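Q: Structure below; questions to follow.
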Amino acid sequence: MIYLVSAQSHNFKNVKNLKLAKINFKKIDVNLNDFEALIISSKNALKALSKSKCKLNLKIELFVLGKKSFDEAKKLGFKNIKISKKSYLKELVDEFKKDLEGKKILYLRAKKISYDIAKNSKDLNIKEIIAYETNYKKVPEGFVVQRPATFIFSSFELANNFLKQCKLKDEDKIVAIGNSTALRLKGFKNLFISKKQNVRECVKLAREIENAIS
183 MIYLVSAQSH NFKNVKNLKL AKINFKKIDV NLNDFEALII SSKNALKALS KSKCKLNLKI
243 ELFVLGKKSF DEAKKLGFKN IKISKKSYLK ELVDEFKKDL EGKKILYLRA KKISYDIAKN
303 SKDLNIKEII AYETNYKKVP EGFVVQRPAT FIFSSFELAN NFLKQCKLKD EDKIVAIGNS
363 TALRLKGFKN LFISKKQNVR ECVKLAREIE NAIS
């Protein structure tokens with residue numbers, strides 16, 4: 183059985199989805215015209231922005247991580263979107279460093295983050311606003327793992343939340359959505375990291391692992 187531990191609901195065939203978090207969007211009060219660049223690392227930040235009463239500056243230079251963020255930005259009507267070739271915020275900043283230098287930058291972020299670009303990129307003029315918060319939930323009462331099992335973890339904090347409540351066995355297979363998530367799972371021997379940082383690719387990898395075993 184494949185178990186997907188995530189913050190959002192997913193419906194993949196023969197995959198048990200454990201939704202162990204809820205996204206709470208914050209009220210954003212900002213004038214986008216005061217900035218020349220906007221950094222987004224999650225589509226949740228864009229959803230928070232669209233739910234706010236802020237007037238969208240659709241011509242602002244928008245730098246995003248991941249195809250989901252890119253698609254959400256296109257949906258909202260942003261015209262000048264640049265998507266990072268890599269999957270991590272530090273890599274986005276490194277990739278577009280020359281484009282960002284000398285500009286007033288707004289970064290809409292989660293309340294809890296694994297990498298603080300404002301702190302680690304002091305040569306850039308970055309203002310941070312918390313756009314959303316992830317609240318973690320308990321594993322459903324009576325949850326029993328059907329083994330052999332492959333677990334997919336879609337974030338570091340979700341893996342941390344799950345492991346506080348449940349134990350994994352040595353024979354379990356584990357798929358991490360990326361290197362940051364894998365850090366929380368590095369003590370487990372059957373650990374695989376998805377080459378692409380999205381849930382669909384994680385499910386694909388989990389199925390390949392199960393097919394190789396059967």
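Counted the way my numbering counts, the sequence shown spans residues 183 to 396. Glycine included, every Cβ here is placed at the ideal spot set by N, Cα and C. Small disclaimer: the values here were computed from a predicted structure and weren't measured.
For L228, which residues in the same chain have their Cβ closer than 7 Å to its Cβ, ignoring the five residues on either side in sequence?
A: I222, S251, E254, A255 and L258
Q: Only counting the same chain, and skipping five residues up and downstream in sequence, which positions put a Cβ closer than 8 Å to that of N262?
A: Around N262: K241, I242, E243 and L244.
Q: For R389, which of helix, strand or coil comes out of DSSP?
A: R389 falls in the helix class under three-state DSSP.
Q: Under a Cβ-count criterion, where at least 16 other Cβ atoms within 10 Å of its own Cβ denotes burial, should I334 be classed as buried or exposed?
A: buried
Q: I need the boundaries of the alpha helix (DSSP H) containing L306, first residue and last residue.
A: No alpha helix (DSSP H) contains L306, which DSSP labels as neither H nor E.
Q: On the DSSP letters alone, give me the boundaries of the alpha helix (DSSP H) that E273 sits inside.
A: L271 to E277
Q: What is the DSSP secondary structure of A331, counted as helix, strand or coil?
A: coil
Q: Are the beta-carbon atoms belonging to L214 and L306 less than 9 Å from one another?
A: The Cβ-Cβ distance between L214 and L306 does not fall below 9 Å.
Q: In terms of residues, what are the limits of the alpha helix (DSSP H) holding K201?
A: Looking at the DSSP string, K201 is not in any alpha helix (DSSP H); the run it does join, the beta strand (DSSP E), is V197 to K201.
Q: Give the DSSP-derived three-state secondary structure of V246 in the structure shown.
A: strand
Q: Suppose the cutoff is 8 Å on Cβ atoms and the five residues either side in sequence are ignored; what does the same chain contact list for T332 look like?
A: M183, I184, Y185, D354, K355, I356, V357, A388, I391 and E392
Q: Whole beta strand (DSSP E) runs in the region 336-394 with 3 or more residues, listed along the chain?
A: As far as the region 336-394 is concerned, its whole beta strand (DSSP E) runs of at least 3 residues are 355-358 and 373-375.
Q: Should K225 be labelled buried (16 or more other beta-carbon atoms within 10 Å of its own) or exposed?
A: buried
Q: What is the C-beta distance between C384 and S337, in whole angstroms, given that I count them as a contact (C-beta under 8 Å)?
A: No, C384 and S337 are not in contact; Cβ-Cβ is about 11 Å, not under 8 Å.
Q: Write down the C-beta distance between L340 and A189 rounded to the nearest angstrom, noting that I regard them as a contact closer than 8 Å.
A: The Cβ separation is near 6 Å, so the contact holds.
Q: What residues are listed by DSSP as bridge partners for S188?
A: K201
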